Amino acid sequence: MKFHDNSFGRREKKAIFLSAAALAATLTLTSCADHSELPDLPPLYQSTEDTTTSLNPDQGETTFSDTSASVTEGTSATTETEIPEDSAAPDRTEQIISITENEIPFDVHYIYDENLYDDENIVLKEGSDGYTVSVYRVIYENGEEISRERISFTVTEPISKEIIVGTKPSYTEKTETRIENMISFVTRYEYDSTLEAGITQIKTHGSDGYTESTYRITYYKGNEIGRECVSEKTYAPVDKVIVVGTKEQAFYMPFLDAAHGGYNYPVTQSFSSTHRALDFGVWYGDAICAIRGGKVIAAYDEGYFSKDNILWTYGTYVVIEHDNGMRSYYAHLKSRTVSVGDTVSGGEIIGYSGNTGRVNPAPTAGKPYAGTHLHFEIRVKKGDVYVTTDPRQYLPYWN
Ligand SMILES: [Zn+2]
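In my numbering, the protein residues as written are 1217 to 1615.
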């Protein structure tokens, strides 16, 4: 603690010299503890010993008697002693004043808290300045100060202010990428005459279009306060392309088949060494179709099997010769719609199923549809002859 004592003026020093003996002898007036709470003091030189100053007449030129004192309050308290007029002596008064001085600003201590935002703080303790209260004796002569002496002082230490200061950033930001503006892909069809009809292939897998946007988002204390698009990339949708075959089918089933929205039938008798054909369990009157384009080379109506026409085992039947050295046979028909010499396309109706020829069980008057089935053969030319072959290696269901 540094005391910044007032420096005394030249005239004050002189005054001290003049009255030094008297001051040294009886100075007891040092009762000011607090400059702001000085009580109204009684007249200093009237009755009480403690507050009487008597200047020795032998040491000074001035004799003070019958003095009185008064106190005023303010930033400095004053105790004034009036010295009555004397014809020979100068008009001398004495004042005890206390002055607050040497203000020492308080320090500020910061305590950092990472849980508090950086623009927030909490005052934990208010600070207060330190100061010194000095008590002076001031002597005036003819109204002019001639001496000043500090006779006591009280030091009040400053109190530090304590502030909790946040360090958690109140402004933060992050980037976020979003997929936006989805555009669904469309499906497109292309046609290929080298691909068999009914066959489809996926040429391109479709993908949706979209925009990939990256935003910079600003937060204040965790709440979004700003959003800026910093990059944007748009991807166009890609069409899905399906190739559809248009080439005529190599083989059709010998009836309207499931692949064409028609029927499918079970094989009721397989190809074997004793039955060189496939029998299908069709319904009486169902449409029978050419398995491939060709020309009708045989068409017979042999009627129902009997002891008299024992060789007419195929009943009503059609034979078609195809372009690839193959013939196909459709037997036991109820009726046919083509004749020898007709040209037919694959899948075209050539007749209707029935139970003519040799079928088992044979139809009777009571069971006119008994034995209905399609007897179907394929014969392939080998050398000069046509040889029955298992149709499964040609028909689309088994290919
Ligand atoms: Zn058969």
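Using N, Cα and C, we set each Cβ at its ideal position, and we do this for glycine too.
It should be emphasised that the depicted structure is a prediction, and the values quoted were computed from it without experimental measurement.
- Shortest gap from the CB of aspartate 1606 to any heavy atom of ligand 1: 7 Å or more.
- By the criterion of a C-beta distance shorter than 6 Å, aspartate 1307 is surrounded in its chain by Asn1358, once the five residues flanking it on both sides are discounted.
- Counted as a single uninterrupted DSSP element, the beta strand (DSSP E) harbouring lysine 1449 occupies residues 1439 to 1451.
- For the options Asp1408, Thr1605, Glu1518 and Tyr1352, the alpha carbon positioned closest to that of isoleucine 1315 is the one of Tyr1352.
- In this structure, Glu1518 is the residue among Glu1518, Ile1320, Val1556 and Ala1305 with its C-alpha nearest to the C-alpha of asparagine 1571.
- Contact between the segment 1380 to 1399 and the segment 1422 to 1442 is present: three or more C-beta pairs spanning the two stretches fall below 8 Å.
- Counted as a single uninterrupted DSSP element, the beta strand (DSSP E) harbouring glutamate 1412 occupies residues 1403 to 1412.
- Judged by beta-carbon spacing, phenylalanine 1467 lies within the 8 Å limit of leucine 1611, meaning their Cβ atoms are closer than that value.
- Just measuring C-alpha positions, the residue of Tyr1407, Ile1441, Leu1549 and Asn1397 sitting nearest tyrosine 1426 is Asn1397.
- At a cut-off of 4 residues, not a single continuous stretch assigned as alpha helix (DSSP H) sits fully inside the segment 1521 to 1577.
- When beta bridges are read from the DSSP output, aspartate 1517 appears opposite Thr1532.
- Here tyrosine 1356 has Thr1309 as same chain residues with Cβ atoms under 6 Å from its own Cβ, once five neighbours each way along the sequence are excluded.
- Residue selection by CB proximity (closer than 6 Å to any heavy atom of ligand 1) returns Gln1485, His1491, Ala1493, Asp1495 and His1591 in chain order.
- For leucine 1494, DSSP records a beta bridge to Phe1592.
- Distance from the CA of tyrosine 1602 to the CA of tyrosine 1545, rounded to the nearest whole angstrom, comes to 12 Å.
- Note that the segment 1492 to 1501 does not touch the segment 1518 to 1534; fewer than 3 beta-carbon pairs, one per stretch, sit closer than 8 Å.
- When Cβ pairs closer than 8 Å are counted between the two stretches, the segment 1359 to 1372 is seen not to touch the segment 1327 to 1334, the count staying below three.
- Taking each of Val1512, Lys1597 and Lys1598 in turn and checking the Cα distance to isoleucine 1565, the smallest one comes out for Val1512.
- At the C-beta level, alanine 1506 and serine 1551 stay beyond 8 Å of one another.
- CA-CA distance, threonine 1484 to threonine 1588, rounds to 11 Å.
- Between leucine 1411 and lysine 1463 the beta-carbon gap is near 6 Å, inside 8 Å, which marks them as a contact.
- Between the alpha carbons of glutamate 1336 and glycine 1382 lies a gap of roughly 6 Å.
- Glutamine 1609 counts as exposed, since fewer than 16 other beta carbons sit within 10 angstroms of its beta carbon.
- Under a 10 Å Cβ-count criterion, alanine 1547 is classified as buried, with 16 or more other Cβ atoms of the shown protein chains found around its own Cβ.
- Taking 8 Å as the cut-off, the beta carbon of isoleucine 1458 is found no closer than this to the beta carbon of isoleucine 1399.
- One alpha carbon belongs to alanine 1581, the other to isoleucine 1415, and they sit about 46 Å apart.
- The shortest CA-to-CA distance from threonine 1348 to any of Asn1318, Ile1362 and Lys1341 is the one to Asn1318.
- Proline 1579 is positioned such that its CB atom lies closer than 8 Å to that of tyrosine 1585.
- Around the CB of isoleucine 1441, fewer than 16 other CB atoms lie within 10 Å, so the residue is classed as exposed.
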